[in-house]
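Contents: one structure, followed by commentary.
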Amino acid sequence: MVPNEIKRRFNHHKFELEMRKHIERAFDISGGDKQTFITSLLNRSLYMYFLDKYNIRINDKLRIEDLSDIRNYLYGVYSSLIDAYFFNARKRSS
C-alpha cells in the first residue's frame, strides 16, 4: 500500500517532466519491449524525482515492497500516458 504522505505530497507535474526526460534512455534500455520500458521509465523517473525534490535516495529510505506499490500506483495513474510515450518512441526509432 502506498503511504498517504507520498500520495498527498506527490507533485504530478514535476513527475511528468521527469518521465519526459528519461523516455529515450528507457526505450534504448528496453530494446522495444513494452514491459521493460515501463519498468525502466518508472524506476529512473522515481529515483530522480525523489532525489531532486526531497534530496533522498529512495533505495536507501524505502523498502522494496513500498517501491513496488508506488510503481504500481504510478502506472495506474499514468498508464495511458506511458503507453503513448512508448508508441511514440517506437515510431521515432523506426
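Residue 1122 is where the sequence shown ends in my numbering, and the numbering goes up by one at each step.
No residue lacks a Cβ here, since even glycine has one placed at the ideal position from N, Cα and C.
Quantities reported herein were computed from a predicted structural model and do not represent experimental measurements.
With respect to the 7 Å criterion, SER1068 and MET1047 are not classified as neighbours on the basis of their beta carbons. Taking each of TYR1082, SER1121, ILE1066 in turn and checking the Cα distance to LEU1109, the smallest one comes out for ILE1066. In this structure, DSSP gives ARG1085 a state outside helix and strand, which the three-state scheme calls coil. Ranking ASN1071, LYS1081, PHE1114 by CA distance to the CA of ASP1097 puts ASN1071 first.
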